[in-house]
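Undergrad: Please see the structure below; I have some questions.
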Amino acid sequence: MNPLSTFKYIKSNMRKTLPILISMLVGVFLIYLFSLITKSTSEMVNITQTNFFNKYTTVYSNNEEALPQNLLDRVSLDSNVTYVLPYKPVDGYLSYTAAFGGISISILNLQGEDIPKLLESLSLNLIQGVLPKKNAEEVIIHKRYALQNKLKVGDYIGSEVSLTYGLKGKYKISGIVDGPTMINIINEEKEKGTKDKILKQAILIRVKDIKNKDLINYLTKNAPKNIVITDYDSIYKQMIDMLSILDTLAVSLTGCIILVLCISLGNLNYISFLNRKYEFGVLSAIGYKKTSLYFKLWKENSYVCLIGYVAGIIVTTIIAVILNIAVFEPNGKLIPIWSASGVLTALCIPIFVSFLSLIAPVKELRRTDPLDIIGGSI
Numbered sequence: 001m002n003p004l005s006t007f008k009y010i011k012s013n014m015r016k017t018l019p020i021l022i023s024m025l026v027g028v029f030l031i032y033l034f035s036l037i038t039k040s041t042s043e044m045v046n047i048t049q050t051n052f053f054n055k056y057t058t059v060y061s062n063n064e065e066a067l068p069q070n071l072l073d074r075v076s077l078d079s080n081v082t083y084v085l086p087y088k089p090v091d092g093y094l095s096y097t098a099a100f101g102g103i104s105i106s107i108l109n110l111q112g113e114d115i116p117k118l119l120e121s122l123s124l125n126l127i128q129g130v131l132p133k134k135n136a137e138e139v140i141i142h143k144r145y146a147l148q149n150k151l152k153v154g155d156y157i158g159s160e161v162s163l164t165y166g167l168k169g170k171y172k173i174s175g176i177v178d179g180p181t182m183i184n185i186i187n188e189e190k191e192k193g194t195k196d197k198i199l200k201q202a203i204l205i206r207v208k209d210i211k212n213k214d215l216i217n218y219l220t221k222n223a224p225k226n227i228v229i230t231d232y233d234s235i236y237k238q239m240i241d242m243l244s245i246l247d248t249l250a251v252s253l254t255g256c257i258i259l260v261l262c263i264s265l266g267n268l269n270y271i272s273f274l275n276r277k278y279e280f281g282v283l284s285a286i287g288y289k290k291t292s293l294y295f296k297l298w299k300e301n302s303y304v305c306l307i308g309y310v311a312g313i314i315v316t317t318i319i320a321v322i323l324n325i326a327v328f329e330p331n332g333k334l335i336p337i338w339s340a341s342g343v344l345t346a347l348c349i350p351i352f353v354s355f356l357s358l359i360a361p362v363k364e365l366r367r368t369d370p371l372d373i374i375g376g377s378i
C-alpha cells in the first residue's frame with residue numbers, strides 16, 4: 001500500500017473526513033446561494049428597468065410646460081435616433097416581487113398605432129388577448145406579473161379594485177405579453193390633442209447606440225429644470241449602487257464563513273493529526289522528509305475541501321432547480337441556477353481553508369520526533 005495515497009486515505013477514513021466535507025459543503029452552499037440571490041436581484045432590475053432603457057431614452061416635462069422646441073428639433077435631426085414615440089406619463093405603478101426582493105414596473109400610456117412598434121423593439125410577444133383599445137380603460141401586462149398575481153385576460157386591476165395596486169382607477173386586462181422586458185401599456189387619450197401636441201410633453205427616443213452620448217450630453221446641458229431625462233447610464237448607475245450593497249454583504253459573509261471554518265476545521269485537523277501521530281512518526285523514521293509529510297497533510301485536506309466545494313455547488317444548483325419548478329416559476333418568479341462569479345467567490349473558501357486550517361497540525365508535525373513516537377509505542 002502506498003502510504004501517501006490521498007484517495008485511499010479519504011476512502012478508508014470517511015468518518016474522519018466527513019465532518020470536514022459537510023462543513024465545507026454548508027459553507028459553500030451559503031455563499032453560492034447568496035450569489036444566486038444577488039444575481040436574481042440583478043436580473044429583476046434588468047427585466048424591469050435596464051432592458052427597456054437599453055433601447056429607449058425618456059424625456060418628459062414634470063409640469064405643464066412643454067418640451068422646448070430646440071430640444072425636439074435636436075432629437076429629430078440626430079443620426080443616432082431611429083424614431084420618436086409620444087407618450088403620457090402615468091400617475092401610478094405596478095409592483096413586481098421577484099424571488100428575493102421587489103421593484104416597481106413602469107406603465108406607459110401610448111397611442112394605439114405605436115404599441116406594436118414598441119413591443120417589437122423590446123422583443124415582447126402578445127401571447128394572450130388583444131392590444132388595449134383607445135379610451136377603453138384596458139391594459140396589457142407581462143406574463144410574470146400575471147402569474148404572480150393570479151391574473152388572466154378579462155380581470156380588472158387598479159386602485160378601485162384593490163389598494164394594493166399602485167395604478168389609479170380601474171383597468172381591464174386586454175392582453176398578456178411575454179419577453180425580456182416587463183412593462184405595462186394603456187391607451188388612454190381622453191384629452192383632445194394632436195400627436196404633435198403630445199410630443200411636446202413626453203417622448204420615448206429609440207436610440208441606435210446607447211454608447212453614443214452626443215444627444216444625451218446636449219439634452220442634459222440645454223434642458224430646463226422641469227425636463228427629466230432618463231437613459232441607460234442613469235438607470236445602470238442606480239442598479240450598481242443597489243447591488244454594491246449586496247456585494248459588500250457577500251464579501252463580509254465569505255470572510256466570516258472562512259474564519260469560522262478555519263477555526264473549526266483547524267481543530268478537527270489537529271485532533272485528526274494527533275490520532276495519526278504514530279503514522280507520521282513511522283513515515284518520518286523510514287525516510288520521508290517533513291516537507292513531503294506537510295504536502296501529504298495539505299493534499300488530503302485540500303481534496304476533502306474540494307469535494308465539499310463541488311458537492312456544495314451541486315446541492316445548491318439542485319435546490320435552485322427544485323425551487324424554480326415547484327415554487328417560483330408557477331408564480332412568475334425565477335432564481336438563476338448558475339453564477340460564474342458565485343462559483344469563483346465560493347472557491348475562495350476551500351482555497352483559504354485548505355491552507356489556514358493546517359497551521360496547528362503542521363506546527364505539531366514540525367516538532368514531532370519520530371524516534372520518541374516509535375520508542376514510546378513499544
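Just so we're aligned: 296 in my numbering is position 296 of the sequence shown, and the numbers increase by one with no gaps anywhere. Where a beta carbon is used, it is the ideal one built from N, C-alpha and C, also for glycine.
Which whole-angstrom value describes the C-beta separation of residue 339 and residue 39, a residue pair presumed to lie in contact below a C-beta threshold of 8 angstroms?
TA: Numbered from 1 along the sequence shown, position 339 holds the residue referred to as residue 339. Numbered from 1 along the sequence shown, position 39 holds the residue referred to as residue 39. Sure, about 5 angstroms apart at Cβ, within 8 angstroms.
Undergrad: Would you please state the rounded distance, in angstroms, between the beta carbons of residue 168 and residue 121? I believe it to be under 8 angstroms.
TA: For the purposes of this step, residue 168 is identified with residue 168 of the sequence shown, where counting begins at 1. For the purposes of this step, residue 121 is identified with residue 121 of the sequence shown, where counting begins at 1. At roughly 27 angstroms, the Cβ-Cβ gap does not stay under 8 angstroms, so residue 168 and residue 121 are not in contact.
Undergrad: When you compare only the Cα positions, how much space is there between residue 18 and residue 312?
TA: On the sequence shown, residue 18 is found 18 positions in, with the first residue counted as 1. On the sequence shown, residue 312 is found 312 positions in, with the first residue counted as 1. Between residue 18 and residue 312, the C-alpha separation is close to 14 angstroms.
Undergrad: Report all residues from its chain with a CB closer than 7 angstroms to the CB of residue 205; omit the five preceding and five following residues, and keep chain order.
TA: In the sequence shown, counting from the first residue as 1, residue 205 sits at position 205. Answer for residue 205: 56, 57, 59, 75, 81 and 84, listed in chain order.
Undergrad: Cα separation between residue 127 and residue 303?
TA: Indexing the sequence shown from 1 puts residue 127 at position 127. Indexing the sequence shown from 1 puts residue 303 at position 303. Rounded to whole angstroms, residue 127 to residue 303 spans 51 angstroms at the Cα level.
Undergrad: Would you call the segment 103-113 and the segment 146-161 in contact, with 3 or more CB pairs under 8 angstroms?
TA: No: fewer than three Cβ pairs fall under 8 angstroms.
Undergrad: Give the DSSP bridge partners of residue 128, in chain order.
TA: The sequence position of residue 128 within the sequence shown is 128, counting from 1. According to DSSP, residue 128 bridges with 176.
Undergrad: Which of the three DSSP states, helix, strand or coil, is assigned to residue 136?
TA: Here residue 136 is taken as the residue at index 136 of the sequence shown, counted from 1. Residue state, collapsed to three classes: coil.
Undergrad: Answer yes or no: do residue 33 and residue 230 have a C-beta to C-beta separation smaller than 7 angstroms?
TA: Mapped onto the sequence shown, residue 33 falls at position 33. Mapped onto the sequence shown, residue 230 falls at position 230. Contact: no.
Undergrad: For residue 298, collect the residues of the same chain with a Cβ closer than 8 angstroms to its Cβ; drop the 5 residues on either side in sequence, then sort them by chain order.
TA: Residue numbering aside, residue 298 sits at position 298 when the sequence shown is read from its first letter. These residues qualify, in order along the chain: 354, 355 and 358.
Undergrad: If you draw a straight line from the C-alpha of residue 24 to the C-alpha of residue 256, how long is it?
TA: The count along the sequence shown starts at 1 and reaches residue 24 at position 24. The count along the sequence shown starts at 1 and reaches residue 256 at position 256. Going by the C-alpha atoms only, they are around 13 angstroms apart.
Undergrad: Applying the 10 Å Cβ sphere with the 16-neighbour rule, what's the burial state of residue 45?
TA: If you number the sequence shown from 1, residue 45 lands on position 45. Buried is the label assigned to residue 45, since at least 16 other Cβ atoms lie within 10 Å of its Cβ.
Undergrad: Buried or exposed: residue 175, going by 16 or more other Cβ atoms within 10 Å of its Cβ?
TA: One-based indexing of the sequence shown puts residue 175 at position 175. Residue 175 is buried by the Cβ-count criterion.
Undergrad: Give a yes or no on contact between the segment 274-281 and the segment 316-332, applying the rule of three or more CB pairs nearer than 8 angstroms.
TA: Contact between the segment 274-281 and the segment 316-332 is absent, because fewer than three Cβ pairs lie under 8 angstroms.
Undergrad: What distance in whole Å lies between the Cβ atoms of residue 202 and residue 88, which are believed to be in contact at a cut-off of 8 angstroms?
TA: For the purposes of this step, residue 88 is taken as the residue at position 88 of the sequence shown. For the purposes of this step, residue 202 is taken as the residue at position 202 of the sequence shown. Right, their Cβ atoms sit about 6 angstroms apart.
Undergrad: Which of helix, strand or coil does DSSP assign to residue 97?
TA: Walking along the sequence shown from the start, residue 97 turns up at place 97. Note: residue 97 maps to strand in three-state DSSP.
Undergrad: Could you tell me whether the Cβ atoms of residue 179 and residue 124 are closer together than 7 angstroms?
TA: Reading the sequence shown from its first residue, position 179 is the one you call residue 179. Reading the sequence shown from its first residue, position 124 is the one you call residue 124. Taking 7 angstroms as the Cβ cut-off, residue 179 and residue 124 qualify as a contacting pair.
Undergrad: Put residue 350 into one of helix, strand or coil per three-state DSSP.
TA: As a first step, residue 350 is located in the sequence shown; it is residue number 350 there, counting from the start. DSSP places residue 350 in helix when its eight states are reduced to three.
Undergrad: Between the C-alpha atoms of residue 142 and residue 264, what's the straight-line distance to the nearest angstrom?
TA: If you number the sequence shown from 1, residue 142 lands on position 142. If you number the sequence shown from 1, residue 264 lands on position 264. About 49 angstroms.
Undergrad: At the level of alpha carbons, what is the spacing between residue 241 and residue 235?
TA: On the sequence shown, position 241 is the one that residue 241 refers to. On the sequence shown, position 235 is the one that residue 235 refers to. Using only the alpha carbons, I get a separation of about 10 angstroms.
Undergrad: Would you report the Cα separation of residue 65 and residue 226, rounded to the nearest angstrom?
TA: Locating residue 65 in the sequence shown gives position 65, counting from the first residue. Locating residue 226 in the sequence shown gives position 226, counting from the first residue. Roughly 8 angstroms separates the two Cα atoms.
Undergrad: Using DSSP with H/G/I as helix, E/B as strand and the rest coil, what is residue 202?
TA: Your numbering for residue 202 matches position 202 in the sequence shown. Looking at residue 202 - three-state DSSP - the assignment turns out to be strand.
Undergrad: How long is the line joining the alpha carbons of residue 22 and residue 363, rounded to whole angstroms?
TA: By one-based count along the sequence shown, residue 22 stands at place 22. By one-based count along the sequence shown, residue 363 stands at place 363. Each residue's Cα considered, the two are about 25 angstroms apart.
Undergrad: Please check the pair residue 147 and residue 320, which I expect to be a contact at CB under 8 angstroms, by giving their CB distance rounded to whole angstroms.
TA: Position 147 of the sequence shown, counting from 1, holds the residue named residue 147. Position 320 of the sequence shown, counting from 1, holds the residue named residue 320. Actually they do not touch by this definition, with Cβ atoms about 18 angstroms apart.
Undergrad: When burial is assigned at 16 or more other CB atoms within 10 Å of the CB, is residue 144 buried or exposed?
TA: The residue given as residue 144 occupies position 144 in the sequence shown. Classification for residue 144: buried.
Undergrad: Would residue 42 and residue 283 qualify as a contact pair, given that the criterion is a beta-carbon distance under 7 angstroms?
TA: The count along the sequence shown starts at 1 and reaches residue 42 at position 42. The count along the sequence shown starts at 1 and reaches residue 283 at position 283. Judged by their CB atoms, residue 42 and residue 283 are not nearer to each other than the 7 angstroms cut-off.
Undergrad: Please give me, in chain order, every unbroken run of the alpha helix (DSSP H) with length at least 4 that falls completely inside the segment 56-96.
TA: 69-77
Undergrad: Taking the continuous alpha helix (DSSP H) assigned at residue 23, which residues delimit it?
TA: In the sequence shown, residue 23 corresponds to position 23, counting from 1. First-last of the alpha helix (DSSP H) with residue 23: 14-45.
Undergrad: Using the Cβ count rule (16 or more neighbours within 10 Å means buried), how would you classify residue 116?
TA: Position 116 of the sequence shown, counting from 1, holds the residue named residue 116. Exposed, because fewer than 16 other Cβ atoms sit within 10 Å of the Cβ of residue 116.
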